[in-house]
Amino acid sequence: MASRFCGACGAPTQPGAYFCVNCGTPLPSVEGAAAPTPALLPPSGAAGTAAPGTGPGYSYALASAYPTPVPAKKASRRWLWAILVVVIAAVLVVGILAALSLSARPEARFVDIVKTGVVLSSMTFDVTLRTSGASIQADHLHLNIQSLHYGAEYDAVQYYNLDRIPIGSTFTWNVDVRVDPYDVASFTYTFVLEVDGVQNDSRTVV
Numbered sequence: 067m068a069s070r071f072c073g074a075c076g077a078p079t080q081p082g083a084y085f086c087v088n089c090g091t092p093l094p095s096v097e098g099a100a101a102p103t104p105a106l107l108p109p110s111g112a113a114g115t116a117a118p119g120t121g122p123g124y125s126y127a128l129a130s131a132y133p134t135p136v137p138a139k140k141a142s143r144r145w146l147w148a149i150l151v152v153v154i155a156a157v158l159v160v161g162i163l164a165a166l167s168l169s170a171r172p173e174a175r176f177v178d179i180v181k182t183g184v185v186l187s188s189m190t191f192d193v194t195l196r197t198s199g200a201s202i203q204a205d206h207l208h209l210n211i212q213s214l215h216y217g218a219e220y221d222a223v224q225y226y227n228l229d230r231i232p233i234g235s236t237f238t239w240n241v242d243v244r245v246d247p248y249d250v251a252s253f254t255y256t257f258v259l260e261v262d263g264v265q266n267d268s269r270t271v272v
């Protein structure tokens, strides 16, 4: 143990002595002196910063290390809306087509009826027709002809189409109906035009 000296008179002191033997000045105790407590160093990389919540008048909020995820919109909902729009459009198209098909019903009208003369015991005619609205299927256009002798039925015949008739067609049929060749002047003739069982037009020829 190293020797000590009195801080007042400079005289050497004895080890373990509490007073200077020369001047009586109290000596400090070397053995009783407590070692200084080391300060707690902050963690590495945080030097010079105060711990959260310890500074006067300051408060700290701990931020999350990762941002809060934003929920994405479900793509399935967009697909559902797209499908719904397509379905509605299809229904509208079908409805429009159905309405057009109903409004565009096939029709036929007389354009002209010309008496062409007697052949044997029949009166012949050139009957010109015009169709509209829609095409007419085979055997759906009927031309009914009557020959009337003094107003009474003498003969009745029916003509019909063998093939489909396109929309907006104009054509002529050569037809005939029986008469009395010796009394042709006493005859009148009725023509009735039907499409799909519905009467479209009628005429009387004398």
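Residue numbers (the numbering used here): 67 to 272. Glycine included, every Cβ here is placed at the ideal spot set by N, Cα and C.
Notebook entry, point to check: Alpha carbon to alpha carbon, what distance is there between V160 and M189?
Noted result: 49 angstroms
message: Restricting to runs no shorter than 3 residues, where is the beta strand (DSSP E) found entirely within the stretch 186–257?
response: 188–198, 207–215, 218–226, 236–244
With 16 as the cutoff for other CB atoms within 10 Å, does P60 come out buried or exposed? For the chain, the structure presents residues 67 to 272; residue 60 sits outside this window and is missing.
So, helix, strand or coil for V160, using DSSP? helix
inquiry  = Just to confirm my understanding: we take G217, look at its own chain, exclude 5 residues before and 5 after, and list those with CB closer than 8 angstroms. What are they?
reply    = T254
Exercise for the section: Report the rounded CA-to-CA distance for D192 versus S268, giving the unit in angstroms. Expected result: 15 angstroms
First through last residue of the beta strand (DSSP E) which encompasses V264: 264–271
Taking Cβ to Cβ, would you say T197 is nearer than 8 angstroms to I233?
yes
Quiz item: To the nearest whole angstrom, what separates the beta carbons of V180 and D242, a pair I think is in contact under 8 angstroms?
Solution: Not confirmed; about 13 angstroms, so no contact.
Cα-Cα separation, A77 to P92:
13 angstroms
* Does the stretch 208–224 come within contact of the stretch 248–267, defined as at least 3 CB pairs closer than 8 angstroms? -> yes
Exercise. Tell me whether the beta-carbon of N266 lies closer than 8 angstroms to the beta-carbon of A174.
Key: yes
Those residues which DSSP pairs with A174 across a bridge: T197
Quick one: residues in its chain with C-beta nearer than 8 angstroms to the C-beta of C89, no 5 flanking neighbours on either side, listed in chain order? C72, A74, C75, A77
_For V223, tell me which candidate among V250, L214, I231, D229 has the shortest Cα-Cα distance._
L214
- Which value, in whole angstroms, describes the spacing of the CA atoms of I231 and T238? 12 angstroms
**Message:** Helix, strand or coil, according to DSSP, for L259 in the structure here?
**Reply:** strand
### Task
Just mark N240 as buried or exposed, buried being the case when its beta carbon has 16 or more other beta carbons within 10 Å.
exposed
query = Who are the Cβ neighbours of A100 in its own chain at under 7 angstroms, not counting the five residues just before and after it?
reply = Summary for A100: the model assigns pLDDT 45, below 50, so the residue's position carries little reliability; its value from the coordinates is reported in the next sentence. Cβ neighbours of A100 beyond the five flanking positions: none.
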